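In the UniProt record's numbering, the protein residues as written are 1 to 236. Every residue gets a Cβ at the ideal spot worked out from N, C-alpha and C, and that includes glycine. Predicted model, so just to flag it, every value in this text is computed and none were measured. Okay, structure first, notes after.
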Amino acid sequence: MLNYNAISIAEATAVQNELRQKLILQTYNKNITTIAGGDISHNKDSDTVYAGIVILSYPQMVLQSYSLIETKTKFPYVPQYLGFREVPALMEAWEQIPAKPDILVLDGQGITHPRRMGIASHFGVLKNIQTIGCAKSMLYGSYDPLADEKFSTSPIYSGSELLGYALRTKTNVKPVYIAPGHKVSVEDSLRIMKQCTIKHRIPEPTRLAHEKVNLFRVGKLKAGYHLADIQTNLFT
DNA sequence: GCGACAG
DNA sequence: ATCTTGTCGC
């Protein structure tokens, strides 16, 4: 059911349309205490991928723990089908976490996708958990220009359908694109991600996931589930 | 037909 | 995404 090795694009499209039927765009749990961020890293011409999920307290944004795994990916990067490349590895990292967080933020689209199946929706539906997509660039949908000030927003639409928001996380810096993945509303997705925005363009969950996964790739961190130590937080 | 195209 | 150096701005 999760063997995306020898799947064709046509089959992948069919899978996305199937998963779309299970999408829930209403907030399942409003009482968030922990939030996770997931990301993947890899070397230039290698099918080895380094996946990581970090868990932070919400809304304090203090790193609590993180899970790292190394595996292979067979599916290439194809726009609109990122989930087939990255979800299997992220699943492994997720399953290694003893106490699951309340919600997971992934680096990529949520329902801002032709079939509403960006990586965050893909993962969310398969695991039946709350997810949010936080992308650094647009894939699908349109939005009007937003003001230059921090926390300016502009709704992302597909026709008359509201899919997400462009969110300026820093003054005079390119916005990020927020959309529900699964089991969370558009408005709550935006509200939660604003809460995760401290001083960087990329909100804390995916920013820290990206940081950990790169340290892992270059050998500065090891595979496994780790509790964050106090020193890490004090000196970062 | 042509361009655009998450990571 | 990754590979890379300097450079501009807060």
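Does DSSP put residue i in a helix, a strand or coil?
i	result
Ala14	helix
Thr236	Annotation note: pLDDT 47 at Thr236 (below 50); position unreliable, coordinate value reported separately. Correct three-state label for Thr236: coil.
Lys194	helix
Thr171	coil
Thr112	coil
Thr27	coil
Ala89	helix
Ala228	coil
Ile7	coil
Considering only their Cβ atoms, is the gap separating residue j from residue i smaller than 8 Å?
i	j	result
Thr27	Val176	no
Ile132	Pro59	no
Ala228	Gln21	no
Met117	Leu19	yes
Ser41	Asn214	yes
Ala103	Ile35	The residue you asked about is not Ala; residue 103 is Ile in the sequence shown. Contact flag set, yes.
Ala223	Ile69	yes
Leu190	Tyr165	yes
Val87	His113	no
Ser142	Tyr157	yes
Arg201	Thr169	yes
Gly52	Ser67	yes
Pro205	Val49	no
Leu106	Ala120	yes
Ile7	Val78	no
Leu167	Lys194	yes
Asn29	Gln109	no
Gln16	Arg115	yes
Asn72	Asp47	Looking at the sequence itself, residue 72 is Lys, so the reference to Asn does not match. It is a contact, given that the beta carbons lie within the stated cut-off.
Cys134	Pro76	no
Check for me: the beta strand (DSSP E) holding residue i runs from which residue to which?
i	result
Gly52	Thr48 to Ser57
Glu161	Glu161 to Leu167
residue 247	Not covered by the structure: residue 247. The range shown for the chain is 1 to 236.
Ala209	Ala209 -> not in any beta strand (DSSP E); alpha helix (DSSP H) instead, spanning Glu204 to Arg217.
Ala135	Thr131 to Ala135
Ile97	Segment: none, Ile97 is in no beta strand (DSSP E) and carries neither H nor E.
What residue does the alpha helix (DSSP H) around residue i start on, and which one ends it?
i	result
Ile119	Ile119 to Lys127
Val184	Counting along the chain, Val184 falls outside any alpha helix (DSSP H), and DSSP gives it neither H nor E.
Thr33	Taken as a continuous stretch (DSSP letters only), Thr33 belongs to no alpha helix (DSSP H), as it is neither H nor E.
Leu221	Where Leu221 is concerned, there is no enclosing alpha helix (DSSP H), given that its DSSP letter is neither H nor E.
What does residue i pair with, by DSSP beta-bridge criteria?
i	result
Tyr157	Ser142 and Leu162
Leu19	BP columns for Leu19 are empty, so no partner.
His42	Val49
At a cut-off of 7 Å, is residue i close to the ligand NAD when judged by its beta-carbon and the heavy atoms of the ligand?
i	result
Arg217	Here there are no bound small molecules, and the ligand NAD is not part of this structure.
Quick one: complete beta strand (DSSP E) runs, 3+ long, within the region 59–84?
For the region 59–84, whole beta strand (DSSP E) runs of length 3 or above, ordered along the chain, are 63–72.
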